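Report on the following structure.
Protein chains: 2
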Amino acid sequence: MTETYKLFLERWRTIHDLEKVQELLDWDQQVVMPRKGAEQRGNQQAALAGLVHDRITDPELGELMDSLAAKGTPNEDGAADLREAARERERTMKIPRRLVKERARTIAMAQAAWAQAKAADDFESFQPYLEKVLSLTREMAQAIGTPNPYDALLDEFEPGMTESALKTLFGDLKGRLLPLLDKIKGATKPPGEAPVKRCFSRDRQEVFCRVIAKDMGYDFEAGRLDVSVHPFTAGTFRDVRITTRYDENFLNTALFGVMHEAGHALYEQGLDPERYRNPSGPSSSLGIHESQSRFWENLIGRSRAFWVYYYPKLRQAFPDVLDDVSLDAFYGAINVCRPSLIRVEADEVTYNLHIIMRFELESALLAGTLEARDLPEAWNTKSQELLGIKAGSNARGVLQDVHWSAGYIGYFPTYALGNLYGAQFMETLRQDIPDLDSRLERGELLPVKEWLNNRIHVHGRRYPAPELCRRVTGKELGAVSSIAYLTRKFGEIYGF
Amino acid sequence: MTETYKLFLERWRTIHDLEKVQELLDWDQQVVMPRKGAEQRGNQQAALAGLVHDRITDPELGELMDSLAAKGTPNEDGAADLREAARERERTMKIPRRLVKERARTIAMAQAAWAQAKAADDFESFQPYLEKVLSLTREMAQAIGTPNPYDALLDEFEPGMTESALKTLFGDLKGRLLPLLDKIKGATKPPGEAPVKRCFSRDRQEVFCRVIAKDMGYDFEAGRLDVSVHPFTAGTFRDVRITTRYDENFLNTALFGVMHEAGHALYEQGLDPERYRNPSGPSSSLGIHESQSRFWENLIGRSRAFWVYYYPKLRQAFPDVLDDVSLDAFYGAINVCRPSLIRVEADEVTYNLHIIMRFELESALLAGTLEARDLPEAWNTKSQELLGIKAGSNARGVLQDVHWSAGYIGYFPTYALGNLYGAQFMETLRQDIPDLDSRLERGELLPVKEWLNNRIHVHGRRYPAPELCRRVTGKELGAVSSIAYLTRKFGEIYGF
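Those sequence lines, one after another, are chains A and B.
So the first sequence is residues 14 to 509, counted in the numbering used here.
So the second sequence is residues 14 to 509, counted in the numbering used here.
Here is the structure:
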């Protein structure tokens, strides 16, 4: 390892450490911080954001990188490190330090305001915060200066993806999903959701969720499970924390929520121990990240094979509650497909429509053709148009997701990309482990984890997401695999 | 406000914010961090320590301060700001950045090792970590370069105090405490501790502790109560968190522990909202801080007047447990004076002996006349000498306190100073509120809180601790008030 490369890595590792502190402060705010601490947290986040900006834009770092680029990096990973570092530095250089600090402070305050507004179903109290976040986010997109401002934001979450590519992809997806949804709606013997809407005690839910997460391979000594208003995963490597929320009258919320977050967490816990603090070591694009969470939540967690093993255990965990429900009835209940209000609880078919709806709304918000004050109405109109239903409250409508309060515009599409990546990964996994279903039926989850560890996690961002996708699946990303999977699965369940 | 002063404040407020992030990371490690996260936490703390060092030693900050010193500060608070900033900067300039980073990383690892060693009663596993912390702490004391290395460390916690002054003070204190202890030992009708050693359910203890903390004026919306291996308080202003631990067979542990920590927390919550991020705004010396915690724990919490109001409530909180115990028997039980092993659970008389013992040991550790490997034996010898008892295990002996793992040498004496400050403060309080006891008997705690808010908290470090003491009590700090208080109180309880 050359001295220059070593110095370059040292600097980036410190930047990584500081970014993880920012992430921890966010976890703390969402999980344990006292209500009145938001202003101080805003100051802290602003101070850290300024420091991280200083270190990424430091001219001395630039010189090290120029020298590496001229002399060449020691090996393939070194080249990936330089590529990723250059990407982040180039982007950061364009955003003024003042803006970075103001945005960090504003977001801390806006997230606190959002949590309260959601609890009180009071969009108006959140509106001024959202306006400020939007205005700073527009300013940031402008500073980055791509021809299309949405692309500037998207690039942070899914490098290389563009709004126009998303429009094409989502157009295709919508065009294939709506006919599928029509078939489902027309089914004569649809499964019923009643079994998962019985009474499931919160404490027993937590115990069961912990068992599943542990069986998936999630290391609780390198993580923890807490409650938050909006479920999420924070941290990396040996400190990866997941959160969920419990609904005593709806089993799916926590159960599939924990599998989702544990899927994210396995990715972070599965990074290369030698490289996780290097520029190319951390997890890849958010689309790839969501492919991991949605993979466990749906492709595994909502599969029949998985429940062959776990359904008897679930029955034991909730004595008497499910005695009269057969495995098939339960399998149907967790796969009921029906337009619903809450994205994170949506079935696999309608889920993507929730994403397309948010994508269209946030694109308009960023362009300024939609203003924050008009968002609740626009939300309901769009919901009616795409899902055929309207939220009775803003708490279950436009306020349901934390993302916009955190300035995450360009993030939602990655969930749908995750579904598409995931379906393609599953095709390869089935080639590599032909007896996957019988293994799942025996409760063997670790082969799945290890396959994901080896094929995806350990690489970090060694390969850009499109290349990683080609390497693992042999194909470009598209909607075909996902639609084929959904058609087959829901055809069986709904009998068409 | 001049432009220079404004720029100076801005820079120090950012330093303050970053120091609070360091403190939060420590809280997180001790309360919620997954076991395997210690190494990453060490990296994070090292990165932050380096950045804070950079900002305090920044030549531009030095220029601002020189200019302020030359032109004069806007007002009295400005002068205090400059004084405190100069103190911190001068100290920091002497400690190499490398050392600051290495020490921060080592401490994060050592604290994790300590918690495990304590749980496993395994001093040997902790010894190498302690050795490294000690070696770095000696190096730091040397770098600061006072003639006496212990003074260099003490100065961080109790500015202006010296080892030699402590020796005199503690000599005086020991000389007065030992005869008092002899009288107590000779009492013919000592109270019994049995009532507080009954079975008190953990959950009910927590509920009761929360009520007391709230009644003291602790704002739970600007704080929280958690469990940790060693109880402590972290944070400031509107985010001040306290921790405790519960022993179902000993009421005192959590009850007086929470009053102690809530006393610290009231100080932090009571700082001047306009000044808490300025150099002279935060809480004063640790001796003053401990005066607040020990004040609530003992001078209020172990007073008869307090329990006239709260004892009936305690009985209600634990139905049937204390039915046969009179108020006086309970008051005796919480004031049983007897050499015991655990410092934080010690009575008011023997408590100071625990401190003197630690003071003598850490002074020898720093000087290098005592090595880490010989510490368990030295601990027991000293314990036998001063308290007349020896710990049966290192977990309840040398491993009981977190401080040395955190590199806190020169910290323990501030607890005894807190007792002395507190006794003097109480004398003034009784002059200002002559009917204090009847107010306490009616459950009125807020007048006490408000008096402390106005006389101590709001000033922050506007005055150096010795000056604050003179201003509030009209006297220099000494052992007289404390000894008078202890003699009167324990004379009544033990009948001499």
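Ideal Cβ positions, reconstructed from N, Cα and C, are used throughout, including at glycine.
If you're wondering where the values come from, they're calculated on a predicted model, not measured in any experiment.
Specify, as a first and last residue, the run of the beta strand (DSSP E) that Ala247 (chain A) falls within.
As a position in the first sequence, residue 247 (chain A) is number 234, starting the count at 1. Thr246 to Thr249 is the span of the beta strand (DSSP E), which, as asked, contains Ala247 (chain A).
Residue-chain proximity (Asp71 (chain B), chain A), Cβ-Cβ < 8 Å:
Along the second sequence, one-based indexing puts residue 71 (chain B) at 58. For Asp71 (chain B), the answer is no, since every Cβ of chain A falls outside 8 Å of its Cβ.
Give me the Cβ distance between Val146 (chain B) and Gly456 (chain B), rounded to the nearest whole Å; I'm assuming they're in contact under 8 Å.
The residue labelled residue 146 (chain B) in the question sits at position 133 within the second sequence. The residue labelled residue 456 (chain B) in the question sits at position 443 within the second sequence. About 45 Å separates the two Cβ atoms, so there is no contact after all.
When the Cα atoms are used, what is the spatial distance from Asp228 (chain B) to Glu144 (chain A)?
In the second sequence, residue 228 (chain B) corresponds to position 215, counting from 1. In the first sequence, residue 144 (chain A) corresponds to position 131, counting from 1. C-alpha separation (whole angstroms): 40 Å.
So, with DSSP's three-state summary, where would you put Thr257 (chain A)?
On the first sequence, residue 257 (chain A) is found 244 positions in, with the first residue counted as 1. Three-state result, Thr257 (chain A): strand.
Quick one: residues in its chain with C-beta nearer than 7 Å to the C-beta of Glu97 (chain A), no 5 flanking neighbours on either side, listed in chain order?
For this step, residue 97 (chain A) is matched to residue 84 along the first sequence. Pro292, Ser293 and Arg474.
Residues of chain A with a CB under 9 Å from the CB of Pro286 (chain B): which are they?
Looking up residue 286 (chain B) in the second sequence gives position 273. Under the 9 Å cutoff, chain A gives no residues; its nearest Cβ is about 10 Å from Pro286 (chain B).
Can you give me the Cβ contacts of Leu77 (chain A) inside the same chain, cut-off strictly under 8 Å, excluding the 5 residues immediately before and after it?
Taking the first sequence and counting its residues from 1, one reaches residue 77 (chain A) at position 64. The answer, listed in chain order, is Thr17, Leu20, Phe21 and Arg24.
CB-CB under 8 Å to Gln397 (chain A), same chain, minus the five flanking residues each way: which ones, in chain order?
Here residue 397 (chain A) refers to the residue found at position 384 of the first sequence. These residues qualify, in order along the chain: Lys403.
To which residues of the same chain is Thr150 (chain B) closer than 8 Å at the C-beta, ignoring the five residues directly before and after it?
Position 137 of the second sequence, counted from the start, is the residue given in the question as residue 150 (chain B). Once the five neighbours on either side are set aside, the close Cβ partners of Thr150 (chain B) are Arg116, Leu166, Leu379, Gly420 and Ile422.
Beta-carbon separation of Thr256 (chain B) and Asp239 (chain B) under 8 Å?
For the purposes of this step, residue 256 (chain B) is taken as residue 243 along the second sequence, with counting starting at 1. For the purposes of this step, residue 239 (chain B) is taken as residue 226 along the second sequence, with counting starting at 1. In this structure, the beta-carbon distance from Thr256 (chain B) to Asp239 (chain B) falls below 8 Å.
Specify the secondary structure class of Asp285 (chain A) as computed by DSSP and reduced to three states.
Taking the first sequence and counting its residues from 1, one reaches residue 285 (chain A) at position 272. Coil.
Quick one: complete alpha helix (DSSP H) runs, 4+ long, within the stretch 353 to 426 of chain A?
361 to 380 and 388 to 400
To the nearest angstrom, how far is the alpha carbon of Gly85 (chain A) from that of Asp67 (chain B)?
For the purposes of this step, residue 85 (chain A) is identified with residue 72 of the first sequence, where counting begins at 1. For the purposes of this step, residue 67 (chain B) is identified with residue 54 of the second sequence, where counting begins at 1. Those two C-alpha atoms are separated by around 32 Å.
Under the assumption that Asn492 (chain B) contacts Leu191 (chain B) (Cβ atoms under 8 Å), give the Cβ distance between them as a whole number of angstroms.
To locate residue 492 (chain B), count along the second sequence from 1; it is residue 479. To locate residue 191 (chain B), count along the second sequence from 1; it is residue 178. Rather than Asn, the amino acid found at residue 492 (chain B) in this sequence is Ala. With a Cβ gap of about 13 Å, Ala492 (chain B) and Leu191 (chain B) do not count as contacting.
Pull the bridge partners of Gly236 (chain B) from the DSSP assignment, please.
Translated into positions along the second sequence, residue 236 (chain B) becomes position 223. Paired residue(s): B:Val253.
Go through the stretch 289 to 322 of chain B residue by residue and report every complete run of the alpha helix (DSSP H) that reaches 4 residues or more, in order.
299 to 307
Let me know if Gln329 (chain B) comes out buried or exposed under the rule of 16 or more other beta-carbons within 10 Å of its beta-carbon.
Numbered from its first residue, the second sequence carries residue 329 (chain B) at position 316. It is exposed - the Cβ of Gln329 (chain B) has fewer than 16 other Cβ atoms within 10 Å.
What would DSSP say about Asp195 (chain A), mapped onto helix, strand or coil?
Position 182 of the first sequence, counting from 1, holds the residue named residue 195 (chain A). It is helical.
Top-ranked residue by Cα proximity to Leu64 (chain B), from B:Asp41, B:Arg111, B:Val45 and B:Ala377:
Locating residue 64 (chain B) in the second sequence gives position 51, where the first residue counts as 1. That would be B:Arg111, whose Cα lies nearest to the Cα of Leu64 (chain B).
Residue burial classification, Val220 (chain B) (beta-carbon count within 10 angstroms, cutoff 16):
Here residue 220 (chain B) refers to the residue found at position 207 of the second sequence. Val220 (chain B) comes out exposed.
Could you spell out the range, first to last residue, of the alpha helix (DSSP H) harbouring Ser451 (chain A)?
Taking the first sequence and counting its residues from 1, one reaches residue 451 (chain A) at position 438. Here the alpha helix (DSSP H) through Ser451 (chain A) covers Leu449 to Glu454.
Val349 (chain B), enclosing alpha helix (DSSP H) - first and last residue
Reading the second sequence from its first residue, position 336 is the one you call residue 349 (chain B). Val349 (chain B) -> no alpha helix (DSSP H), and no H or E assigned at all.
Below 8 Å on the Cβ atoms is my contact criterion, and I expect Ile506 (chain A) with Pro204 (chain A) to pass it. Report the Cβ-Cβ distance as a whole number of Å.
The count along the first sequence starts at 1 and reaches residue 506 (chain A) at position 493. The count along the first sequence starts at 1 and reaches residue 204 (chain A) at position 191. Contact flag correct, Cβ pair sits at about 6 Å.
Given that a residue counts as buried once 16 or more other Cβ atoms are within 10 Å of its Cβ, and exposed if not, what is Gln444 (chain A)?
For the purposes of this step, residue 444 (chain A) is identified with residue 431 of the first sequence, where counting begins at 1. Classification for Gln444 (chain A): exposed.
How should Leu81 (chain B) be labelled, buried or exposed, when 16 other C-beta atoms within 10 angstroms of its C-beta is the threshold for buried?
As a position in the second sequence, residue 81 (chain B) is number 68, starting the count at 1. Per the 10 Å Cβ criterion, buried.
For Ala121 (chain A) and Val242 (chain A), the rounded distance between their alpha carbons
Translated into the one-based positions of the first sequence, residue 242 (chain A) becomes position 229. Translated into the one-based positions of the first sequence, residue 121 (chain A) becomes position 108. About 15 Å.
DSSP three-state label for Glu137 (chain A), please.
On the first sequence, position 124 is the one that residue 137 (chain A) refers to. In the structure shown, Glu137 (chain A) sits in a helix (DSSP, three-state: H, G or I).
Between the C-alpha atoms of Phe425 (chain B) and Gln155 (chain B), what's the straight-line distance to the nearest angstrom?
As a working note, residue 425 (chain B) is residue 412 in the second sequence. As a working note, residue 155 (chain B) is residue 142 in the second sequence. Going from the Cα of Phe425 (chain B) to the Cα of Gln155 (chain B) covers about 20 Å.
Continuous alpha helix (DSSP H) assignments of at least 4 residues falling wholly in the stretch 100 to 145 of chain B:
110 to 133
Taking 8 Å as the threshold (beta carbon to beta carbon), is Gly75 (chain A) in contact with chain B?
Your numbering for residue 75 (chain A) matches position 62 in the first sequence. By this cut-off, Gly75 (chain A) is not an interface position.
Amino acids of chain B, ordered along the chain, whose beta-carbon sits closer than 7 Å to that of Thr27 (chain A)
Looking up residue 27 (chain A) in the first sequence gives position 14. Those are Ala60, listed as they occur along chain B.
In chain A, which residues lie less than 8 Å from Glu234 (chain B) when you measure between Cβ atoms?
Numbered from 1 along the second sequence, position 221 holds the residue referred to as residue 234 (chain B). The answer, in chain order, is Pro47, Arg48 and Lys49.
Quick one: Cα of Ile469 (chain B) to Cα of Tyr434 (chain B), how far?
Taking the first residue of the second sequence as 1, we reach residue 469 (chain B) at position 456. Taking the first residue of the second sequence as 1, we reach residue 434 (chain B) at position 421. Roughly 11 Å separates the two Cα atoms.
What whole-angstrom Cβ distance do Arg315 (chain A) and Ile355 (chain A) have, given they're in contact under 8 Å?
Your numbering for residue 315 (chain A) matches position 302 in the first sequence. Your numbering for residue 355 (chain A) matches position 342 in the first sequence. The C-beta distance from Arg315 (chain A) to Ile355 (chain A) rounds to 16 Å, too long to meet the 8 Å contact threshold.
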